[in-house]
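My numbering runs 117 ahead of the 1-based position in the sequence shown. Okay, structure first, notes after.
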Amino acid sequence: MESGLMLYNTLTRSKEVFQPINPPSVGLYVCGPTVYGDPHLGHARPAITFDLLFRYLRSAGYKVRYVRNITDVGHLENDADEGEDKISKKARLEQLEPMEVAHYYTERYHDAMRALGVLSPSIEPTASGHIIEQIEFVRKILDSGYAYISNGSVYFDVEKYNRVYRYGALSGRRLEDMLGGTRELDGQGDKHSTVDFALWKKASPEHIMRWPSPWSDGFPGWHMECSAMSTKYLGERFDIHGGGMDLMFPHHECEMAQNTAVTGHGGAKYWIHNNMITINGQKMGKSLGNFITLEEMFTGGHRMLEQAYSPMTIRFFILQAHYRSTLDFSNEALQAAEKGLDRLMKAVETLRKIVPGEVSSVDVDDLERRYREAMDDDLNSPLVIAALFDWVRIINQLYEGKQTISASDLERLRSLVDKIVFDVLGLRDEKGEEANDMVTPLVEMLLEMRTKAKVAKDWATSDMIRDRMSAIGIRVKDRKDGYDWEIE
Ligand code: ZN
Numbered sequence: 118m119e120s121g122l123m124l125y126n127t128l129t130r131s132k133e134v135f136q137p138i139n140p141p142s143v144g145l146y147v148c149g150p151t152v153y154g155d156p157h158l159g160h161a162r163p164a165i166t167f168d169l170l171f172r173y174l175r176s177a178g179y180k181v182r183y184v185r186n187i188t189d190v191g192h193l194e195n196d197a198d199e200g201e202d203k204i205s206k207k208a209r210l211e212q213l214e215p216m217e218v219a220h221y222y223t224e225r226y227h228d229a230m231r232a233l234g235v236l237s238p239s240i241e242p243t244a245s246g247h248i249i250e251q252i253e254f255v256r257k258i259l260d261s262g263y264a265y266i267s268n269g270s271v272y273f274d275v276e277k278y279n280r281v282y283r284y285g286a287l288s289g290r291r292l293e294d295m296l297g298g299t300r301e302l303d304g305q306g307d308k309h310s311t312v313d314f315a316l317w318k319k320a321s322p323e324h325i326m327r328w329p330s331p332w333s334d335g336f337p338g339w340h341m342e343c344s345a346m347s348t349k350y351l352g353e354r355f356d357i358h359g360g361g362m363d364l365m366f367p368h369h370e371c372e373m374a375q376n377t378a379v380t381g382h383g384g385a386k387y388w389i390h391n392n393m394i395t396i397n398g399q400k401m402g403k404s405l406g407n408f409i410t411l412e413e414m415f416t417g418g419h420r421m422l423e424q425a426y427s428p429m430t431i432r433f434f435i436l437q438a439h440y441r442s443t444l445d446f447s448n449e450a451l452q453a454a455e456k457g458l459d460r461l462m463k464a465v466e467t468l469r470k471i472v473p474g475e476v477s478s479v480d481v482d483d484l485e486r487r488y489r490e491a492m493d494d495d496l497n498s499p500l501v502i503a504a505l506f507d508w509v510r511i512i513n514q515l516y517e518g519k520q521t522i523s524a525s526d527l528e529r530l531r532s533l534v535d536k537i538v539f540d541v542l543g544l545r546d547e548k549g550e551e552a553n554d555m556v557t558p559l560v561e562m563l564l565e566m567r568t569k570a571k572v573a574k575d576w577a578t579s580d581m582i583r584d585r586m587s588a589i590g591i592r593v594k595d596r597k598d599g600y601d602w603e604i605e
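Put into structure tokens, the structure is as follows:
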């Protein structure tokens with residue numbers, strides 16, 4: 118269980134040794150998607166980042182309860198307290214029930230995540246399924262005195278809160294700057310101050326997603342669901358809260374303030390944020406025409422894409438950058454990732470074919486140490502991949518007989534590579550999956566026939582088998598003592 122894991126905590130702006138509150142249990146809460154549209158590249162990065170953390174913690178022996186929510190109500194159009202609910206709007210435009218929209222896009226999200234090798238969380242609660250808990254949370258904030266009721270809505274009193282605690286502690290913002298000198302409330306409706314945020318909103322007559330509450334028929338503010346659901350499933354204090362950097366303010370800042378108003382502390386001990394992606398150096402956005410859904414990535418169906426990119430290429434590409442760096446998607450970079458992944462998967466395959474010798478000329482501990490040091494240093498997956506590529510070269514040397522490895526070291530190397538590549542990085546051998554149970558024995562049978570033809574010096578048959586296989590995309594490479602084959 119003892120691990121030397123260091124994580125960068127947004128709250129303290131430093132790397133800290135990870136010490137769970139109640140080991141071996143770890144509580145992990147991550148903000149999931151608002152389900153009103155197709156999952157896109159912006160969903161892939163947080164999902165893969167926290168999947169890596171989830172997998173690494175589990176491999177270190179922790180018992181992780183991973184909660185990732187589904188936002189199906191309360192997230193208004195402009196990410197603040199005004200505008201239409203994103204899901205209601207889609208439902209209105211498509212003449213569907215809001216829950217039909219939420220269900221459809223939840224399924225689409227799940228399909229995409231499965232393709233990307235993202236493990237299912239332990240609990241996936243929905244905002245609409247936790248209205249009672251949210252109303253209760255709002256009531257507690259009112260009791261603590263940090264909220265007020267205004268015309269059927271309930272707002273968080275940021276300035277009052279800030280006199281005791283610090284609003285902006287997470288995002289590093291100052292309340293004075295947020296107030297920006299102007300204290301006018303043009304168009305702010307029922308709020309006492311521009312910086313206040315909604316805990317409960319009274320529904321306008323046309324608003325369809327509404328629930329009864331002590332204050333009005335209405336719906337919870339967007340930030341309320343995460344306070345209610347994280348503490349319900351993980352306790353008032355829990356270990357890690359994650360999400361994309363774009364959620365740090367206002368979403369996480371408000372969530373922390375809500376928790377603090379009730380319990381005196383912000384909930385999570387470690388706040389972890391992944392950085393954003395860009396596309397050809399630009400922010401992704403619908404108005405910029407560079408908004409690419411995951412399905413478009415997988416099929417190549419977007420005018421900016423030169424080809425389709427498999428889910429594992431996307432995953433590998435994301436893991437090749439540290440989660441706190443920005444990551445730029447371009448055809449060139451994705452094609453390089455595709456080649457790199459192919460080389461890695463071939464080496465994993467080659468590793469299975471190596472014959473052990475008496476002694477080892479290679480040091481398996483080197484890979485183990487580099488893997489651990491990199492992962493313990495704030496999940497430095499690019500360094501893990503760099504170490505793997507050094508070992509791709511060594512594996513090929515072992516196969517070619519330029520290095521030797523003992524039977525016990527070989528066994529250790531195989532299980533270590535499997536653990537890193539499949540269990541922790543969460544990659545899959547997509548091409549290997551193509552060579553399914555039926556293809557492999559058929560190819561092997563044809564190649565045996567070819568070997569017999571060669572022994573009989575029947576070159577015409579031997580060449581024909583090789584050429585016909587090549588035509589359907591199976592490449593055969595002859596070796597001194599046999600052959601290798603692969604699907605191109
Ligand atoms: Zn959230």
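All C-beta atoms in this analysis are idealised placements derived from N, C-alpha and C, irrespective of residue type, glycine included.
query: Comparing the CB of G384 with every heavy atom of ligand 1, is any distance shorter than 7 Å?
result: Relative to ligand 1, even the nearest heavy atom lies 7 Å or more away from the CB of G384.
field: V572 versus I589: straight-line alpha-carbon distance, rounded
entry: Looking at the two C-alpha atoms, the distance is approximately 25 Å.
Coarse secondary structure for D601, derived from DSSP in three states: Residue state, collapsed to three classes: strand.
task: With hydrogens ignored, establish whether the beta-carbon of S160 is closer than 7 Å to any heavy atom of ligand 1.
output: With the sequence shown as reference, residue 160 is identified as His, and Ser is not the correct amino acid for it. The answer is no for H160.
task: Pair every Cβ in the stretch 223 to 242 with every Cβ in the stretch 186 to 204, then say whether three or more of these pairs are closer than 8 Å.
output: In the pairwise beta carbon analysis, the stretch 223 to 242 is classified as touching the stretch 186 to 204: at least three pairs are separated by under 8 Å.
message: Suppose only complete runs of 3+ residues qualify. What are the beta strand (DSSP E) ranges in the stretch 268 to 340, listed by chain order?
response: Qualifying beta strand (DSSP E) stretches, in chain order: 270 to 273, 314 to 319 and 335 to 337.
task: Alpha carbon to alpha carbon, how far is I138 from L101? Give it in angstroms, no decimals.
output: Not covered by the structure: residue 101. The range shown for the chain is 118 to 605.
Option in M429, N407 and D334 with minimal Cα separation from H419: Per the Cα distances, N407.
- request: For my contact list, P163 and N391 are in at a C-beta cut-off of 8 Å; report their separation, rounded to the angstrom.
  value: Going by Cβ atoms, the distance from P163 to N391 rounds to 5 Å, so yes, they are a contact pair.
field: Chain-order list of residues whose beta-carbon lies under 6 Å from that of H369 (same chain, five-residue window excluded)
entry: Within the same chain, H369 has close Cβ partners L287.
- request: Compare the beta carbon distance of V255 and M341 with 8 Å and say whether it is the shorter of the two.
  value: Yes, the pair counts as a contact, with Cβ atoms nearer than the cut-off.
message: On the DSSP bridge list, what partners appear for N391?
response: Looking at the DSSP assignment, N391 forms a beta bridge with G361.
- request: Verify the contact flag: N391, CB atom, against every heavy atom of ligand 1, threshold strictly below 7 Å.
  value: Within the chosen limit of 7 Å, ligand 1 does not reach the beta carbon of N391 with any heavy atom.
Nearest to V312 (by Cα), restricted to the options R291, L484 and F446: Nearest Cα to V312 within the set R291, L484 and F446: R291.
query: Is the CB-CB distance between W332 and V281 below 8 Å?
result: No. Outside cutoff.
- prompt: Using a threshold of 7 Å, is the CB atom of C343 nearer than that to any non-hydrogen atom of ligand 1?
  reply: Under cutoff, so the answer is yes.
query: Can we count G360 as close to ligand 1, meaning its CB is less than 7 Å from some heavy atom?
result: G360: yes, Cβ under 7 Å from ligand 1.
task: Tell me, please, which residues DSSP counts as bridged to Q399.
output: Residue pairing for Q399: DSSP places it in a beta bridge opposite I396.
message: I'd like to know whether the C-beta atoms of R441 and Y146 end up nearer to each other than 8 Å.
response: Inclusion of R441 and Y146 in the CB contact set at 8 Å is not warranted, their separation being larger than that value.
message: At a threshold of 7 Å, does N186 count as lining ligand 1 (C-beta to nearest heavy atom)?
response: Yes, ligand 1 has a heavy atom inside 7 Å of this Cβ.
contact_flag[the stretch 494 to 509, the stretch 546 to 556] where n(CB pairs < 8 Å) is 3 or more: Proximity of the stretch 494 to 509 to the stretch 546 to 556 falls short of the contact definition, fewer than three beta-carbon pairs being nearer than 8 Å.
- request: Let me know the secondary structure DSSP gives L124 once reduced to three states.
  value: When secondary structure is reduced to three states using DSSP, L124 falls in the strand class.
message: With DSSP as the reference, identify every bridge partner of L193, one or two as the case may be.
response: Under the DSSP definition of a beta bridge, L193 partners with D202.
query: Excluding sequence positions up to five away, which residues of its chain have a Cβ less than 8 Å from the Cβ of S261?
result: Cβ neighbours of S261 beyond the five flanking positions: A378 and V379.
- prompt: Expressed to the nearest angstrom, what Euclidean distance is found between the alpha-carbon atoms of R489 and H358?
  reply: Using only the alpha carbons, I get a separation of about 23 Å.
query: Just to confirm, does H192 get its C-beta within under 7 Å of one of the non-hydrogen atoms of ligand 1?
result: The beta carbon of H192 sits no closer than 7 Å to any heavy atom of ligand 1.
- prompt: Sorted by chain position, which residues of the same chain lie with C-beta nearer than 6 Å to M462's C-beta, five sequence neighbours on each side aside?
  reply: Here the set comprises D546.
query: Does any heavy atom of ligand 2 sit closer than 7 Å to the C-beta of C371?
result: Only ligand 1 can be found as ligands here, which leaves ligand 2 out of the picture.
- request: Would you check whether ligand 1 has a heavy atom nearer than 7 Å to the C-beta of H90?
  value: A query on residue 90 cannot be resolved here, the shown segment of the chain reaching from 118 to 605 and no further.
message: On the DSSP letters alone, give me the boundaries of the alpha helix (DSSP H) that I258 sits inside.
response: I248 to S261 is the extent of the alpha helix (DSSP H) around I258.
Chain-order list of residues whose beta-carbon lies under 7 Å from that of Q520 (same chain, five-residue window excluded): These residues qualify, in order along the chain: S478, V479, I511 and Q514.
- prompt: Is L145 helix, strand or coil by DSSP?
  reply: The answer is strand: DSSP assigns L145 an E or B state.
task: Could you spell out the range, first to last residue, of the beta strand (DSSP E) harbouring L444?
output: Per DSSP, L444 is one residue of the beta strand (DSSP E) stretching across L444 to F446.
query: If you measure from the CB of L287, is any heavy atom of ligand 1 nearer than 7 Å?
result: Not one heavy atom of ligand 1 sits closer than 7 Å to the Cβ of L287.
query: Can you name the residues that DSSP bridges to N139?
result: Note: N139 sits in a beta bridge opposite S142.
- request: Can you give me the start and stop residues for the alpha helix (DSSP H) that I187 sits inside?
  value: Here I187 belongs to no alpha helix (DSSP H), and DSSP marks it neither H nor E.
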